[in-house]
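Residue numbers (the numbering used here): 1 to 512. Everything on this sheet refers to the single structure shown next.
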Amino acid sequence: MSNITVCARFRPVSSKERRDHGDTICIQNLDAETFNFKDEKEEEFTFSFDRVFYQESEQADVYEFLALPIVRDAVNAINGTIITYGQTGAGKTYSMEGPSILCCDEQKKGLLPRVVDGLFKSIKVSEETAKYTIKLSMVEIYMEKVRDLFDLSKDNIQIKESKVQGIFLSGVTEISVLDPAEALQSLSSGIANRAVGETQMNMASSRSHCVYVFAVQQDLTTEKRVRRGKLILVDLAGSEKVEKTGAEGRVLEEAKTINKSLSALGNVINALTCGPPSKANHIPYRDSKLTRILQDALGGNSQTALLCCCSPTLSNASESLSTLRFGARAKHIKALARVNCKEDKYTKKQGASSVTEDESHERILDKLRGRLDAKDVKLLEELFILEGIFFDPGSVEDLELAYEDVTLRTICSLQQAVEELVITVEEIKRENKDLAGENKALKARLEAAERSDRLCKDVGGNMTFLHRILDIGFFSPLGWFILSCQEGGMKTTSLVLHNAGFQENNIESGLH
Ligand SMILES: Nc1ncnc2c1ncn2[C@@H]1O[C@H](COP(=O)(O)OP(=O)(O)O)[C@@H](O)[C@H]1O
Ligand SMILES: [Mg+2]
């Protein structure tokens with residue numbers, strides 16, 4: 001359980017500020033966490049953050065306090081997000097990159113190169129037990145469009161959500177990086193692409209949000225488990241107010257869009273600080289691309305750090321005050337970071353919390369056993385591992401949703417099988433009908449054949465009599481007597497035939 005870590009950073013007074021407004025500063029350092037702030041109207045405020053980095057602070061201090069714990073967690077499959085916020089010129093990019101991304105000055109190196117070093121160092125420590133892959137992607141959000149900084153032709157990347165990956169950038173270029181040098185080279189090419197895009201669109205980097213994503217995959221080969229951690233760094237566009245820029249036309253539109261997305265960020269933070277997400281407490285993540293990308297970071301499965309960058313001078317006091325107020329609100333967000341994988345059920349952890357975890361684990365399995373047989377539970381467990389669904393014992397709901405997914409898929413395939421069977425039955429019915437027709441025709445032919453056969457037999461019998469009559473002689477009394485004993489029809493026929501003068505040969509051939 002962790003709140004968002006919120007820090008404030010004041011950069012040194014710039015030569016321009018000193019020249020234009022003198023070096024009056026608006027902050028009074030109280031301790032490492034607290035300071036007094038006095039604005040142009042001499043109004044005083046006291047702010048407390050997790051840590052305050054004053055003008056003389058080192059880049060290494062910022063990294064160690066704000067980023068290092070998150071980097072270590074990312075290697076252990078806990079998502080992390082680091083955001084720099086503040087007006088243009090407040091030191092966001094300097095904190096993120098340093099004077100330049102490839103800067104070799106150990107003292108001046110920014111968060112990004114230090115994060116890269118930290119990731120590879122942490123991986124090295126755990127390399128004996130796992131195989132790691134790190135993939136890097138870089139996008140820029142400008143005028144509510146997400147642009148791939150590794151492939152400028154992908155200028156409208158969609159943000160999607162899946163059960164396994166959470167929020168992700170669909171189709172974004174991911175570069176596998178094998179060592180820090182390679183990662184820095186890729187970052188440098190992404191930053192160079194950003195400049196190309198900026199020139200093409202005639203805009204400045206301070207008018208877009210830049211998002212760096214490190215996807216860390218851990219293959220625990222002996223345990224046949226895969227764990228994924230995602231580390232996102234965001235260098236936000238300048239937070240200065242539209243009115244103050246005196247902008248017109250396209251620049252005004254840009255400023256409005258930035259303001260809208262930063263307001264959306266503020267609204268999400270407000271909604272999150274008003275209580276836990278529920279139906280009644282809607283969190284408007286979908287109001288901007290920025291909040292959608294940061295959805296997991298702010299409200300869900302992520303360790304998040306916010307660095308509020310400010311100028312220390314009185315001339316920028318009102319912008320600094322709004323930055324600090326933003327940070328103060330963010331401090332109240334409660335976020336829960338989780339491990340993105342199925343924990344080994346045989347690994348017993350020490351301490352009281354493991355008891356609850358084990359109990360929950362058993363409760364989930366019992367629930368499943370009630371509905372499925374042991375073989376199905378085992379299969380389901382394997383499926384979770386294969387698909388990388390995290391098996392968080394605290395989240396019965398997630399597990400049930402995953403179970404519903406599997407059930408739905410099974411129902412779908414069963415429905416398909418039933419549909420196929422219905423089609424087969426219809427075909428068989430049709431064939432059966434055709435066969436019945438043929439059968440009927442055959443029967444009719446058979447009956448006709450039988451009738452004709454019977455007729456032949458009858459005629460054959462009559463022919464015998466006819467022969468006898470002919471032998472005896474038609475006009476003899478015996479002939480008449482025999483003839484009168486025959487059945488009506490045949491008798492008539494014989495008589496008619498005989499009277500007509502037919503010879504017996506003719507009669508026989510006509511009947512056969
Ligand atoms: N902590 C710092 N130490 C020294 N110079 C700084 C520091 N922070 C910012 N600067 C300088 O101030 C100027 C503006 O900083 P930058 O990071 O570009 O601002 P942003 O990204 O917020 O617009 C740059 O010239 C930068 O080198
Ligand atoms: Mg910048």
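Note that CB positions come from ideal geometry on N, CA and C, so glycine has one too. Computed from a predicted model, the values in this text were never measured in an experiment.
| Item | Value |
| --- | --- |
| Buried or exposed (CB count within 10 angstroms, at least 16 for buried), K522 | For residue 522 there is no data in the structure shown, the boundaries of the chain being 1 and 512. |
| Member of L262, E40, S311, N156 whose CA lies at the smallest distance from the CA of Y94 | S311 |
| Under the three-state DSSP convention, the category E17 falls into | helix |
| Collapsed DSSP secondary structure at A237 in the structure displayed | coil |
| Neighbourhood of E284 by C-beta, 8 angstroms cutoff - its chain only, sequence neighbours within 5 removed | The identity of residue 284 in the sequence shown is Pro, whereas the question assumes Glu. A264, N267, V268, A271, T291. |
| Those residues which DSSP pairs with V213 across a bridge | S137, I232 |
| Helix, strand or coil at T129 [DSSP, three-state] | coil |
| Residues that A305 bridges to, as DSSP identifies them | T5, I82 |
| Span separating the alpha-carbon of M138 from that of L372 | 44 angstroms |
| Beta-carbon proximity list for A74, same chain, < 6 angstroms, skipping 5 on both sides | G80, V216, G229, L231 |
| Beta-carbon spacing of L513, D39 below 8 angstroms | This structure leaves residue 513 out entirely; the chain is present only between 1 and 512. |
| Best match in R451, F214, K256 for proximity to I78 [C-alpha to C-alpha] | F214 |
| Cα-Cα separation, S162 to E174 | 18 angstroms |
| Same chain, Cβ closer than 8 angstroms to T347, neighbours up to 5 away in sequence not counted | Because the pLDDT of T347 is 34, which lies under 50, any placement of that residue in the model is unreliable, and the number read from its coordinates should be weighed accordingly. For T347, where only same-chain residues beyond five positions count, there are no Cβ hits under 8 angstroms. |
| Unbroken alpha helix (DSSP H) run spanning G197, endpoints | 180-201 |
| Counterpart residues of Y142 in DSSP-defined beta bridges | K145 |
| Which of helix, strand or coil DSSP assigns to T526 | Past the boundaries of the shown model lies residue 526; the chain is included only from 1 to 512, so the question cannot be answered. |
| 8 angstroms Cβ cutoff met for L112 and L233 | yes |
| Helix, strand or coil at I175 [DSSP, three-state] | strand |
| Rounded separation between E127 and E97 - CA only | 28 angstroms |
| Reference A204, options R194, Y212, T133, closest by Cα | R194 |
| Bridge partners - F37, DSSP secondary structure assignment | I27, F45 |
| Reduced DSSP category for S100 - H, G, I as helix; E, B as strand; rest coil | coil |
| Any non-hydrogen atom of ligand 1 within 7 angstroms of P99 CB | yes |
| Nearest neighbour of V177, chosen from S186, L169, G171, S170 [CA to CA] | S186 |
| Terminal residues of the beta strand (DSSP E) in which E161 lies | 158-162 |
| From T84, Q218, D61, residue whose alpha carbon lies closest to that of A130 | Q218 |
| Supposed contact pair N36 and I25 - C-beta distance, whole angstroms, cut 8 angstroms | The pair is not a contact, with the Cβ atoms about 11 angstroms apart (cut-off 8 angstroms). |
| K92 beta carbon near ligand 4 (any heavy atom closer than 7 angstroms) | Inclusion of ligand 4 in the displayed structure is not the case, the ligand content consisting of ligand 1 and ligand 2 alone. |
| K109 beta carbon less than 8 angstroms from that of Q59 | yes |
| Reduced DSSP category for K491 - H, G, I as helix; E, B as strand; rest coil | At K491 the pLDDT is 42, less than 50, meaning the model places this residue with poor confidence; the figure from the coordinates comes in the next sentence. If DSSP states are grouped into helix, strand and coil, K491 belongs with the helices. |
| Closest by C-alpha distance to L220, when choosing among I123, E64, K289, G327 | I123 |
| Beta bridge counterpart(s) of V52 as assigned by DSSP | A8 |
| S205 CB to nearest heavy atom of ligand 2 below 7 angstroms | yes |
| Simplified DSSP assignment, three categories, for D219 | strand |
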